[in-house]
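Enquirer:
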Amino acid sequence: MENQQILLDMYQTAGVGVVALILGMFFTRSIPVLKRLCIPAPVSGGILISLTTLLCYSLFGIEFSFDGTLKDICMMVFFTSVGFQSNLKVLKQGGKPLIMMILLVLVLIIVQNLLSVGIASGMGLSPLVGMAAGSIPMCGGHGTAGGFSGLLESMGLQGASSITMAAATFGLVAGSIIGGPLAERLISRHNLCDEASSSEDVMVGIEASDASPESKEEVLQSSEDGFRRFTKAVYQILIAMALGTLLSKALALTGITFPTYFGSLMVAALMRNTIESTEKFKDTLCLDRIISLGNICLSLFLGMAMVSLRLWELADLALPLVTILTSQVIFIALFAYFVAYNVLGKNYDSAVLVSGLCGFGLGATPNAMANMSAVCYKYHYAVNPFVIVPIIGAMFVDIINTTVITVFLNLI
């Protein structure tokens with residue numbers, strides 16, 4: 000008996016994605032561990048819906064298919080907003096530790112892909128399976144996982160979206176679990192901090208670091224002014240996306256495979272730094288609204304991506320995927336403990352940075368911030384890590400990761 004196909008159009012897919020978001024928000028409020036591990040709302044809610052579709056497929060032969068049009072648009076908007084966050088001037092704020100952290104991230108991403116591709120090939124699987132469980136979901140998280148899944152499927156990897164999303168979810172949890180204990184081990188073993196500060200002192204420092212002093216200022220705006228800023232932000236994103244598609248077409252002529260969003264990301268970065276370098280137009284960039292729009296689209300994108308998972312396609316890859324992901328966790332733990340800590344200075348700040356590296360090396364920047372906050376809550380606040388990690392997460396991880404992934408995909 001053939002399976003019954005149920006196709007949801009782009010509006011229905013978006014509606015189900017929003018339902019996943021609402022469910023995830025409810026779960027986050029109701030289940031403390033989800034908040035503690037920084038599991039995104041669309042992930043927790045989307046998993047429930049994807050498990051429901053798996054149940055329908057397994058028991059009743061009903062196969063749901065979701066339209067990806069709006070999902071792809073939301074993905075493009077999000078990565079364009081990431082490009083707008085690339086500010087070359089902030090490089091001076093991080094100094095030498097920032098440069099060293101960037102190099103560590105580069106090495107981490109390269110080895111993650113070498114490790115996963117090597118294991119997949121050794122188990123007789125396509126190297127694309129390794130890429131789907133490498134830095135795409137690890138350092139890239141759910142956003143990059145969704146961004147590259149279509150490309151992997153076009154290259155011949157069936158069920159790429161399910162593999163990358165499952166791996167990204169695993170990474171989120173693992174990154175939150177190992178980061179704090181590794182830093183704690185380094186601090187206690189090397190006597191980096193003898194006495195813990197009071198929680199009140201620590202939290203004052205952490206809260207003060209959540210944003211720059213400028214963004215802490217209360218700015219009263221009229222509704223009309225706020226509307227105009229959002230309007231400008233939409234226009235700026237659309238212009239970057241339009242020019243980015245032209246750049247992507249030009250890059251395609253080279254014969255090198257790039258993700259669809261790469262051109263828009265690079266154009267947005269160029270626009271941001273060009274605008275800010277001109278005295279006359281530097282105030283026209285509505286970066287705060289661009290980031291807000293990007294975050295909204297990321298949530299919608301993840302919601303639609305998670306509900307679209309075809310979990311039954313993971314059955315044949317269960318053992319290889321677990322093997323690769325377990326190896327990734329062991330590798331980053333050893334890399335952070337024995338390499339990153341020593342390279343970053345062998346001090347308290349470097350131990351805190353190790354917890355952050357585990358966070359976005361396996362999950363996302365919020366995981367990194369949560370890991371560092373937990374460490375500092377027990378000991379004392381560290382200024383540099385809370386400057387460096389947001390810069391790495393906002394500006395460098397996605398660009399470095401996309402570049403390395405593109406090189407690997409064109410070599411395998």
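The opening position of the sequence shown corresponds to residue 0 in numbering that gives the first Met the number 0, with each subsequent residue numbered one higher. Idealized CB from N, CA, C, for every residue including glycine. Note that the structure is a prediction, hence the values are computed from the model and not measured.
In whole angstroms, what is the alpha-carbon distance linking L245 and L127?
Expert: Straight-line Cα distance between these residues: approximately 27 angstroms.
Enquirer: Of all the options L151, L97, Q3 and G155, which has the alpha carbon lying nearest to the alpha carbon of M164?
Expert: Per the Cα distances, L151.
Enquirer: Could you have a look at L124 and say whether DSSP puts it in helix, strand or coil?
Expert: DSSP places L124 in coil when its eight states are reduced to three.
Enquirer: Based on DSSP bridge pairs, tell me the residues matched to S64.
Expert: Paired residues: L6.
Enquirer: Rounded to whole angstroms, what's the CA-CA distance from C73 to Y260? Just pull it up for me.
Expert: Using only the alpha carbons, I get a separation of about 11 angstroms.
Enquirer: Who are the near neighbours of S478 in its chain, counting only those whose CB is closer than 6 angstroms to its CB and skipping five residues on each side?
Expert: Lying before the first or after the last residue shown, residue 478 is absent from the chain, which here runs from 0 to 411.
Enquirer: Buried or exposed: which applies to D315, given that a residue is buried once 16 or more other Cβ atoms fall within 10 Å of its Cβ?
Expert: By the neighbour-count rule (16 or more Cβ atoms within 10 Å), D315 is not buried but exposed.
Enquirer: Run through DSSP, which three-state label would N400 get?
Expert: Three-state result, N400: helix.
Enquirer: Using only the heavy atoms of the ligand GTP, determine whether one of them is closer than 7 angstroms to the beta carbon of V306.
Expert: No copy of the ligand GTP appears in this structure; indeed no ligand is present at all.
Enquirer: What does the alpha-carbon distance come out to for the pair N190 and G129?
Expert: Between N190 and G129, the C-alpha separation is close to 39 angstroms.
Enquirer: Thinking C-beta only, is A19 closer than 8 angstroms to G418?
Expert: The requested residue 418 is not part of the displayed model; the chain covers only 0 to 411.
Enquirer: Grouping DSSP H, G and I as helix and E and B as strand, with all else coil, what is E278?
Expert: E278 falls in the coil class under three-state DSSP.
Enquirer: Only counting runs of 4 or more residues, tell me where the alpha helix (DSSP H) segments fall wholly within the segment 77-151, in order along the chain.
Expert: DSSP runs (the alpha helix (DSSP H)) wholly in the segment 77-151: 90-121 and 126-131.
Enquirer: What would DSSP say about N346, mapped onto helix, strand or coil?
Expert: In this structure, N346 counts as coil in the three-state DSSP scheme.
Enquirer: Excluding five sequence neighbours on each side, which residues of the same chain lie with their C-beta closer than 8 angstroms to the C-beta of V17?
Expert: Taken in chain order, the residues that qualify are L299 and G302.
Enquirer: Indicate whether I162 and A182 have their beta-carbon atoms separated by less than 8 angstroms.
Expert: No, the pair does not count as a contact, with Cβ atoms beyond the cut-off.
Enquirer: Quick one: grab the DSSP three-state call for Y336.
Expert: In this structure, Y336 counts as helix in the three-state DSSP scheme.
Enquirer: Measure the alpha-carbon distance for T277 versus A249 and round it to whole angstroms.
Expert: If I take the Cα positions, the gap works out to 27 angstroms.
Enquirer: Using C-beta distances below 7 angstroms, list every residue in its chain close to L22, excluding the 5 sequence neighbours before and after it, in chain order.
Expert: Excluding positions up to five away in sequence, the list reads G44 and L47.
Enquirer: Run the CB neighbour count on V266, radius 10 Å, all protein chains shown included, and call it buried at 16 or more, exposed below.
Expert: Classification of V266: buried, given that the 10 Å Cβ count is 16 or more.
Enquirer: Measure the CB-CB distance between V388 and V374 and report whether it falls below 8 angstroms.
Expert: No, Cβ-Cβ distance for V388 and V374 is not below 8 angstroms.
Enquirer: Give every residue of the same chain whose Cβ lies closer than 6 angstroms to the Cβ of A339, excluding the five residues on either side of it in the sequence, and list them in chain order.
Expert: Hits under 6 angstroms: L103, V353 and L356.
Enquirer: Given a cut-off of 8 angstroms, decide if Y380 and M186 are closer than it, judged by their beta-carbon atoms.
Expert: This sequence places Ile at residue 186; Met is not what is there. No, the Cβ-Cβ distance between I186 and Y380 is not below 8 angstroms.
Enquirer: Evaluate the contact criterion for the segment 76-86 versus the segment 48-63: three or more CB pairs, one atom per stretch, below 8 angstroms.
Expert: No: the two stretches stay apart, fewer than three of their Cβ pairs being nearer than 8 angstroms.
Enquirer: Please classify F229: does DSSP put it in a helix, a strand, or coil?
Expert: Of the three classes helix, strand and coil, the one that applies to F229 here is helix, per DSSP.
Enquirer: Which two residues bound the contiguous alpha helix (DSSP H) that contains A173?
Expert: Its alpha helix (DSSP H) spans residues A159 to R188.
Enquirer: Find the nearest neighbour of F257 within the set G360, L242 and F147, judged by alpha-carbon distance.
Expert: Considering only alpha carbons, the answer is F147.
Enquirer: Exposed or buried, what is L6 when buried is set at 16 or more other beta-carbons lying within 10 Å of its beta-carbon?
Expert: Exposed.
Enquirer: Is it right to say A370 is buried, meaning 16 or more other beta carbons lie within 10 angstroms of its own, or is it exposed?
Expert: The identity of residue 370 in the sequence shown is Asn, whereas the question assumes Ala. N370 comes out buried.
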